[in-house]
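Just below is one structure, and these are the notes that go with it.
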Amino acid sequence: MSDPNVLVLASLADGDKHGYAMMDDIERFAGVRLGPGTLYGAIARLEQRGWIRPVKSADDRRQPYTLSAEGRRYLEEQLSDLSQIVSTGLKRLRHA
Amino acid sequence: MRRLARCFARLYPRRWRARYGREFDALLEDVNLTWRDVFGVALSALGEKYMSDPEVVPRIVNLASRDIPHGYELETAVEYPRGDGSTMLVRAFCREVDLGDSYVTLNHNTRGSEPAQTILVFGRKGKVDGDFRTDETEMLVLRPDGSVHRTEQTVKTWLKYDGLRDRLRDRYRTGMQAGQTPDQIRQQIEEEGTLQSWS
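Line by line, the protein sequences give chains A and B.
Residue numbers for the first sequence, in the working numbering: 58 to 153.
Residue numbers for the second sequence, in the working numbering: 8 to 206.
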């Protein structure tokens with residue numbers, strides 16, 4: 058799983074974060090290091106689709122983002138699909 | 008390394024820099040950059056630059072607005088360009104009722120071939136701070152599978168989003184009052200770049 062869009066959404070699922078906090082979080086839970094260009098490419102796409110929104114911050118340069126209801130729904134769908142693939146793959150490996 | 012990344016970051020289109028430039032520069036300051044990151048910034052900036060060709064801007068296919076008691080209805084159909092050259096049609100119907108210290112919003116929209124989704128929000132307006140307002144909201148999301156998801160939450164509303172909708176409504180109303188046709192109004196909005204700055 059290395060889709061930057063899903064990684065960013067998954068990172069925001071447990072709370073609002075700014076860019077650096079997202080990079081750090083994604084590296085911890087997924088073992089994937091998103092570079093600044095890739096991360097902001099994903100942030101811009103997700104904001105355009107209405108799946109994340111900027112939220113107010115005391116630091117106007119380190120802008121935190123939050124997951125929208127639509128973004129949460131999309132993430133749920135993606136993770137559910139992924140979970141089905143993982144479970145099918147594991148079952149097949151056991152029976153191989 | 009940081010200096011080089013900043014140089015490449017200037018390759019992002021002006022519109023992108025205006026929206027994300029400050030926060031992106033802050034991220035470049037926070038991160039221990041590698042050569043791969045610097046290369047990634049250059050690649051991403053060039054991608055944004057060539058994908059945001061000025062010829063390829065959102066196109067308003069349909070726009071209509073009606074005044075209703077305490078608010079208005081707005082219908083839009085906008086064709087958004089995608090990176091692969093195809094387009095995605097986003098149809099939206101919005102009914103805004105402003106009750107002073109509270110509001111009711113009904114949004115019904117479809118993106119491309121995805122099933123339609125309806126969101127009903129009842130909100131109590133909170134404190135305004137800059138471009139944001141903190142509201143207490145109750146939201147019902149009517150999902151395409153027939154289920155209803157209900158949430159109560161405190162949300163920070165980004166007022167600029169509402170501002171865009173208000174601008175479209177005002178532009179439509181003044182245009183109609185001045186005797187313009189809906190086509191002329193749509194064309195003028197596109198020429199003004201109202202949607203482009205938000206795409």
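The beta-carbon is built from N, C-alpha and C at its ideal position, and this holds for glycine as well.
- By the criterion of at least three beta-carbon pairs nearer than 8 Å, the region 82-100 of chain A is in contact with the region 58-66 of chain A.
- Under the three-state reduction of DSSP, D105/B is assigned to strand.
- Ranked by Cα distance from F31/B, the options R119/A, M80/A, R102/A and L132/A are led by R119/A.
- Under the three-state reduction of DSSP output, N39/B falls in the coil class, being neither helix nor strand.
- The contact set of P111/A on chain B, defined by CB atoms closer than 8 Å, consists of W165 in chain order.
- Your pair E127/A and W108/A checks out as a contact, with CB atoms roughly 6 Å apart and the cut at 8 Å.
- Taking a Cβ-Cβ threshold of 9 Å, none of the residues of chain A is close to I67/B; the smallest such distance is about 16 Å.
- Straight-line spacing of the CA atoms in P65/B and R176/B works out to 17 Å.
- Beta bridge pairing from DSSP links Q124/B with N116/B.
- Classified as buried, R193/B has 16 or more neighbouring CB atoms from the shown chains inside 10 Å of its CB.
- G78/B is a Cβ neighbour of D105/B, given a cutoff of 9 Å.
- Counting C-beta atoms within 10 angstroms of its own C-beta, M80/A has 16 or more neighbours from the protein chains shown and is therefore classed as buried.
- Between P151/B and P189/B, the CB-CB gap reaches or exceeds 9 Å.
- Where S68/A is concerned, the enclosing alpha helix (DSSP H) starts and stops at P61 to L69.
- Between the region 95-104 of chain A and the region 142-149 of chain A there are fewer than three C-beta pairs closer than 8 Å, too few to call the two in contact.
- For E143/B, there are no C-beta contacts with chain A under 9 Å, since the nearest C-beta of that chain is about 16 Å from it.
- For E30/B, the residues of chain A that pass the 7 Å Cβ criterion are G76, R118, R119 and Q120, in the order they occur in the chain.
- G54/B has a beta carbon lying within less than 9 Å of a beta carbon in chain A.
- Sixteen is the threshold: when 16 or more other Cβ atoms of the shown chains lie within 10 Å of the Cβ of F15/B, as they do, the residue is buried.
- Interface residue (Cβ-Cβ distance to chain B less than 9 Å): G92/A is classified as such.
- When secondary structure is reduced to three states using DSSP, K113/A falls in the coil class, being assigned neither helix nor strand.
- Counting only residues of its own chain and dropping the five nearest sequence neighbours on each side, T125/B has a CB closer than 6 Å to the CB of H115 and L149.
- With contacts defined as CB atoms closer than 9 Å, F139/B and T117/B fail to qualify as a contacting pair.
- For D190/B, the secondary structure class from DSSP, reduced to helix, strand or coil, is helix.
- Taking a C-beta distance under 9 Å as the contact criterion, E86/B and T94/B qualify as a contact pair.
- By the 16-neighbour rule on beta-carbons within 10 angstroms, V135/B is exposed.
- One finds A126 and R130 in chain A with Cβ atoms closer than 8 Å to the Cβ of V148/B, taken in chain order.
- Pairing Y19/B with E55/B gives a Cβ-Cβ distance under 9 Å.
- Put simply, of T158/B, N39/B, G153/B and L171/B the residue whose alpha carbon is nearest the alpha carbon of G130/B is T158/B.
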